[in-house]
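A.B. asks: Using this note's numbering, read the sequence shown as starting at 1 and increasing by one per residue.
Think of the CB as a built atom: it goes at the ideal place given N, C-alpha and C, for glycine as much as any other residue.
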Amino acid sequence: MNTKPSEAAPHDQSMPAEQANSPESSAEAPQPVNSVQKPETRGRIQVGSRRNKTPAVPPAPAAPPSQPVSAEPPASAEPPARQHAPVRPPSVREPLSDDLEREFAAAMGDASLDEILSGGASPQPVAGPELESRQQSQIVRIHGDNVFFSLGGRHEGVASLRQFPQPPELGTEMEVIVKGYHEDDGLYELLVPGASTHVEDWSDLVEGAVVEARITGANTGGLECKVGAIRGFIPSSQIAMFRVEDYAEFLEQKLLCVVTEVNPKRKNLVLSRRAVLEREKEEARKERLASMEVGQVVEGVVRKILDFGAFVDVGGIDGLVHISQLSWDHVKDPHEVLHEGQKIRVKIEKIDPQTGKIGLSYRDLLEHPWVNIDDKFPVDAVVTGTVSRIAKFGAFVKLAPGIEGLVHISELSHARVPSVASVVSEGQAVEVKVLAVDPESQRIALSMKAVLPTPAEEEPELDAESSAETPPEPLVAKRHTPLRGGTDRASGGEQFGLKW
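Here you go:
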């Protein structure tokens, strides 16, 4: 069956421009009219770079001989692909933008690029916490078996969750010990004070670590124990802070100890419980010392008495009560005032934060003897005392505990006193009279001769009547014979050539 050319013309005109221009469409155009034509497919899209200035265009196919090629493109043809500007690579010769210049200047500061490359002005790293130091830190997050702490700034540390008896809460502040630093992770290894390290093998044991040891036996040298599955030994001198006589009381107990020696090759593990006890005592001592203030009154127990004073335990800290602070009276031996084991109240006189020494006073809590001294020893009162000391200028008399008066050398006797020791001696009881009292300077003037009688009393005066009746007897008897001498006779001087 033949088809007219007029019937094929509409079909050719409705063909897309791309198919009409493509070589495939042009090759398939002259088909027999009696064959059924299938829809034509688009040409392949050429894959190329967008940076090319002109997209690749296939050559125009030759027009079929039956149809003339038109010079103008068909109206339905698509516009050419949009051309993109090529991306230029950065150049070291071109200047930076203003934003980059400001950012670069802020980062460089006053240092030049040459100085930074040479290392002269390299930024110094921020100093982190020192190893074995104690830091007050806060828990910032918990992940698995790790508890992360903030150590100030950009520094963080991590501790095992097994060190806590109970899982901690976020934001909790506590004291930790810095044990090491992991450069790969940038984290510090932390240890909670008093917490033990979980030990599985010898690699977990390091000197200074705190571990939990279970006592399994005892011998003459100390205690046998196990740390996990590893056998260890605690010497007898490291069991407690005092000598232990009976080891049986520690059997099957779990004790916190410090690793003092570890040698995996020789299977040698030595522990010390005494180090843990001393560390706890030192921590309690620091806390107690920080809570004390000068002038505070505390209770304590007398632990030891020496010649210069007494040591008193005040809440785990030993303070010294000097012999001069035991009593207002002069004390020769501290045993006269205190005894060991006595519970007393003392006043804190001074604290030395560097050495940790504490000065205490026992007499400050006693009544001051000079309070109301005028009522106790008024002026012109006659009291009895004991001579406590002798000096060149007089003698000191003890009137009461903490109260002494001075008897000047001129007040010892009515007669002239060559030396004080010739009149009184130490320990002698004397009777004195109070001449003056000065409470501000704490001085009392005394006199011994004021209470002594005068050496010679005056004779009593006689009345006029008694003196007239009994005249006193003459001291020289009256002479009844004439006196020898006179001028009415020769003196005998002429015998010696004298003309008298």
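What beta strand (DSSP E) runs, 3 residues minimum, are completely inside the stretch 144-168?
C.D. replies: Counting only runs of 3 or more, we get 146-150 and 156-160.
A.B. asks: Could you pull the DSSP bridge partners for HIS335 from this structure?
C.D. replies: The residue you call residue 335 lines up with position 335 of the sequence shown. In DSSP, HIS335 forms no bridge with anything.
A.B. asks: Do you know offhand how far SER491's Cα is from THR481's?
C.D. replies: Walking along the sequence shown from the start, residue 491 turns up at place 491. Walking along the sequence shown from the start, residue 481 turns up at place 481. So the alpha carbons of these two residues sit roughly 20 angstroms apart.
A.B. asks: Alpha carbons only, please: which of GLY144, GLU173, ARG162 and PRO165 is nearest the one belonging to GLY152?
C.D. replies: On the sequence shown, residue 152 is found 152 positions in, with the first residue counted as 1. Taking only the C-alpha atoms, the option nearest GLY152 is GLU173.
A.B. asks: Between the stretch 253-267 and the stretch 288-298, do at least 3 Cβ pairs fall closer than 8 angstroms?
C.D. replies: No, the stretch 253-267 is not in contact with the stretch 288-298.
A.B. asks: With DSSP as the reference, identify every bridge partner of THR181, one or two as the case may be.
C.D. replies: As a first step, residue 181 is located in the sequence shown; it is residue number 181 there, counting from the start. Per the sequence presented here, residue 181 reads as Tyr, with Thr not at that position. BP columns for TYR181 point to TYR188.
A.B. asks: Locate the alpha helix (DSSP H) running through VAL199, then write down its first and last residues.
C.D. replies: What you label residue 199 is simply residue 199 of the sequence shown in a count that begins at 1. Taken as a continuous stretch (DSSP letters only), VAL199 belongs to no alpha helix (DSSP H), as it is neither H nor E.
A.B. asks: Would you kindly work out how many angstroms separate the C-alpha atoms of ASP352 and PHE311, rounded to a whole number?
C.D. replies: On the sequence shown, position 352 is the one that residue 352 refers to. On the sequence shown, position 311 is the one that residue 311 refers to. Each residue's alpha carbon lies about 16 angstroms from the other.
A.B. asks: When the Cα atoms are used, what is the spatial distance from GLY356 to LEU326?
C.D. replies: Taking the sequence shown and counting its residues from 1, one reaches residue 356 at position 356. Taking the sequence shown and counting its residues from 1, one reaches residue 326 at position 326. Going by the C-alpha atoms only, they are around 21 angstroms apart.
A.B. asks: Would ALA218 be called buried (16 or more neighbouring beta carbons within 10 Å of its own) or exposed?
C.D. replies: For the purposes of this step, residue 218 is identified with residue 218 of the sequence shown, where counting begins at 1. So ALA218 counts as buried.
A.B. asks: Give a yes or no on whether the C-beta atoms belonging to ALA284 and GLY319 are separated by under 8 angstroms.
C.D. replies: Sequence index remark: in the sequence shown, residue 284 carries index 284 (1-based). Sequence index remark: in the sequence shown, residue 319 carries index 319 (1-based). No, the Cβ-Cβ distance between ALA284 and GLY319 is not below 8 angstroms.
A.B. asks: When you compare only the Cα positions, how much space is there between GLY222 and PRO369?
C.D. replies: Taking the sequence shown and counting its residues from 1, one reaches residue 222 at position 222. Taking the sequence shown and counting its residues from 1, one reaches residue 369 at position 369. If I take the Cα positions, the gap works out to 57 angstroms.
A.B. asks: Taking PHE233 as the reference, give the member of ARG214, PRO95, ARG243 and GLU249 with the closest Cα.
C.D. replies: Taking the sequence shown and counting its residues from 1, one reaches residue 233 at position 233. Per the Cα distances, ARG214.
A.B. asks: Using three-state DSSP, classify LYS347 as helix, strand or coil.
C.D. replies: Your numbering for residue 347 matches position 347 in the sequence shown. DSSP places LYS347 in strand when its eight states are reduced to three.
A.B. asks: Between which two residues does the alpha helix (DSSP H) harbouring LEU289 extend?
C.D. replies: Counting from one through the sequence shown, the residue named residue 289 turns up at place 289. Start and end: 274-291.
A.B. asks: With 8 angstroms set as the bound, which would you pick, yes or no: does the beta-carbon of TRP370 sit closer than that to a beta-carbon of chain D?
C.D. replies: This model lacks chain D altogether; it includes just one protein chain.
A.B. asks: Taking the straight line between their C-alpha atoms, what separation do you get for GLU287 and GLN135?
C.D. replies: Counting from 1 along the sequence shown, the entry for residue 287 is found at position 287. Counting from 1 along the sequence shown, the entry for residue 135 is found at position 135. Approximately 15 angstroms between the Cα atoms of the pair.
A.B. asks: From the DSSP output, in three-state form, read off PRO39 for me.
C.D. replies: For the purposes of this step, residue 39 is identified with residue 39 of the sequence shown, where counting begins at 1. Residue placement at PRO39 cannot be trusted, given a pLDDT of 47 that sits under 50; what the coordinates show is reported in the next sentence. The answer is coil: DSSP assigns PRO39 none of H, G, I, E or B.
A.B. asks: With a cut-off of 8 angstroms on the beta carbons, I'd call VAL178 and GLY144 a contact; round off their distance for me.
C.D. replies: In the sequence shown, the residue the question calls residue 178 occupies position 178. In the sequence shown, the residue the question calls residue 144 occupies position 144. In fact, because the Cβ distance is near 22 angstroms, the residues do not count as touching under 8 angstroms.
A.B. asks: When we look at the beta-carbon of THR107 and count the other beta-carbons within 10 Å, is it buried (16 or more) or exposed?
C.D. replies: Within the sequence shown, the letter at position 107 stands for residue 107. Strictly speaking, residue 107 in this sequence is Ala, with Thr absent from that position. Looking at its Cβ environment, which holds fewer than 16 other Cβ atoms inside 10 Å, ALA107 is exposed.
A.B. asks: Just how far apart, CA to CA, sit GLY427 and ILE348?
C.D. replies: By 1-based counting over the sequence shown, the position of residue 427 is 427. By 1-based counting over the sequence shown, the position of residue 348 is 348. If I take the Cα positions, the gap works out to 35 angstroms.
A.B. asks: When DSSP labels each residue in this structure, what does SER236 get in the three-state scheme?
C.D. replies: Locating residue 236 in the sequence shown gives position 236, counting from the first residue. If DSSP states are grouped into helix, strand and coil, SER236 belongs with the helices.
A.B. asks: Work out the CA separation of VAL434 and PRO378 for me, nearest whole Å.
C.D. replies: As a working mapping, residue 378 is identified with position 378 in the sequence shown. As a working mapping, residue 434 is identified with position 434 in the sequence shown. For PRO378 and VAL434, the distance between alpha carbons rounds to 7 angstroms.
A.B. asks: Cβ atoms of GLU440 and VAL382: under 8 angstroms apart, would you say?
C.D. replies: Position 382 of the sequence shown holds residue 382. Position 440 of the sequence shown holds residue 440. Contact flag unset, no.
A.B. asks: Is it right to say MET505 is buried, meaning 16 or more other beta carbons lie within 10 angstroms of its own, or is it exposed?
C.D. replies: Limits of the chain in this structure are 1 at one end and 500 at the other, which puts residue 505 out of reach.
A.B. asks: Return the chain-ordered ranges of every alpha helix (DSSP H) run that is complete within the stretch 408-462 and spans a minimum of 4 residues.
C.D. replies: If we require 4 residues or more, the stretch 408-462 turns out to have no alpha helix (DSSP H) run fully inside it.
A.B. asks: If you draw a straight line from the alpha carbon of ASP184 to that of VAL270, how long is it in whole angstroms?
C.D. replies: Working through the sequence shown from its first residue, we reach residue 184 at position 184. Working through the sequence shown from its first residue, we reach residue 270 at position 270. If I take the Cα positions, the gap works out to 32 angstroms.
A.B. asks: Quick check: VAL346 and VAL301, are their CB atoms within less than 8 angstroms of each other?
C.D. replies: In the sequence shown, residue 346 corresponds to position 346, counting from 1. In the sequence shown, residue 301 corresponds to position 301, counting from 1. Cβ distance not < 8 angstroms, so VAL346 and VAL301 don't count as in contact.
A.B. asks: Measure from the alpha carbon of HIS182 to the alpha carbon of each residue in PRO235, GLY128, LEU366 and ASP438, then state which is nearest.
C.D. replies: As a first step, residue 182 is located in the sequence shown; it is residue number 182 there, counting from the start. Comparing Cα positions, the closest option is GLY128.
A.B. asks: Check whether the stretch 418-427 and the stretch 358-369 are in contact - that is, three or more C-beta pairs closer than 8 angstroms.
C.D. replies: Touching, no, given that fewer than three Cβ pairs across the two stretches are closer than 8 angstroms.
A.B. asks: Buried or exposed for VAL451, please, with buried defined as at least 16 other CB atoms from any protein chain shown within 10 angstroms of its CB.
C.D. replies: Your numbering for residue 451 matches position 451 in the sequence shown. Its Cβ having fewer than 16 others within 10 Å, VAL451 is exposed.
A.B. asks: On the criterion of 16 or more Cβ atoms from any shown chain inside 10 Å, does GLU494 qualify as buried, or is it exposed?
C.D. replies: The sequence position of residue 494 within the sequence shown is 494, counting from 1. With fewer than 16 Cβ atoms within 10 Å of its Cβ, GLU494 is classed as exposed.
A.B. asks: Near GLU249, which residues of its chain fall below 6 angstroms by C-beta distance, leaving aside the five closest residues on each side in sequence?
C.D. replies: Translated into the one-based positions of the sequence shown, residue 249 becomes position 249. Cβ within range, chain order: n/a, list empty.
A.B. asks: Considering only residues of the same chain and omitting the five flanking positions on each side of LEU187, which have a CB-CB separation below 7 angstroms?
C.D. replies: Translated into positions along the sequence shown, residue 187 becomes position 187. Result list for LEU187: GLU156, GLY157 and VAL158, in chain order.
A.B. asks: Could you compute how far the alpha carbon of ASP438 sits from the alpha carbon of LYS332?
C.D. replies: For the purposes of this step, residue 438 is taken as the residue at position 438 of the sequence shown. For the purposes of this step, residue 332 is taken as the residue at position 332 of the sequence shown. Whole-angstrom Cα-Cα distance: 27 angstroms.
A.B. asks: What are the partner residues of LYS304, as DSSP defines its beta bridges?
C.D. replies: The residue you call residue 304 lines up with position 304 of the sequence shown. Answer is PHE311.
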